[in-house]
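In my numbering, the protein residues as written are 405 to 557. The next block holds one structure in the form of structure tokens; read it before the comments.
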């Protein structure tokens with residue numbers, strides 16, 4: 405009654421899995437989802453639920469329903485919800501109208517839309533400090549005197 409044909413033996417066939425490319429590695433924590441832990445090797449992370457995590461990513465988006473806590477390192481971050489913790493943004497931190505960021509915050513560029521909130525220990529990245537100090541110093545005395553001589557000649 406139950407017979408297996410020798411030609412139908414699928415047990416030895418390998419299963420081909422579709423592997424996402426590194427360029428498309430994205431994590432989305434949806435509304436109502438709670439997560440605690442560490443997120444590694446994700447280029448983009450979107451938080452619309454509750455997360456208490458350690459992460460390092462290229463782009464972070466905290467949606468309007470998102471609540472993110474933890475040790476956060478990102479190239480850029482766009483905050484519509486709540487972000488709290490030890491935060492290092494190596495590029496641009498954008499806080500939208502209803503966004504709130506608190507904790508120990510280090511950033512290179514900062515944009516706060518009307519209504520956005522930021523509080524805590526806030527400091528500008530060391531890279532930016534070095535660039536702005538160099539601009540304040542201006543040209544050296546030798547450069548300015550040679551410039552005057554050229555202008556007078």
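For every residue, glycine included, the Cβ atom is placed at its ideal position computed from N, Cα and C.
Which residues DSSP lists as bridging residue i, in chain order
i: residue 467; result: According to DSSP, which records beta bridges pairwise, residue 467 is partnered with nothing at all.
i: residue 431; result: 449
i: residue 521; result: 504
i: residue 454; result: 438 and 471
i: residue 462; result: Looking at the DSSP assignment, residue 462 forms no beta bridge with any residue, so it has no partner.
Start and end residues, beta strand (DSSP E) containing residue i
i: residue 510; result: 504-516
Collapsed DSSP secondary structure at residue i in the structure displayed
i: residue 530; result: helix
i: residue 444; result: coil
i: residue 489; result: strand
i: residue 554; result: Any answer about residue 554 is weak, because its pLDDT of 45 lies below 50 and its placement is not dependable; what the coordinates show is given next. Three-state DSSP puts residue 554 in a helix.
i: residue 548; result: Because residue 548 carries a pLDDT of 49, less than 50, the predicted location of this residue cannot be relied on, and the following value inherits that uncertainty. DSSP places residue 548 in helix when its eight states are reduced to three.
Beta-carbon proximity of residue i to residue j, cut-off 8 Å
i: residue 480; j: residue 495; result: yes
i: residue 499; j: residue 520; result: yes
i: residue 458; j: residue 478; result: no
i: residue 473; j: residue 485; result: no
i: residue 430; j: residue 456; result: no
i: residue 483; j: residue 509; result: no
Interface flag, residue i vs chain D, CB-CB below 8 Å
i: residue 495; result: This model lacks chain D altogether, as it is built from one protein chain only.
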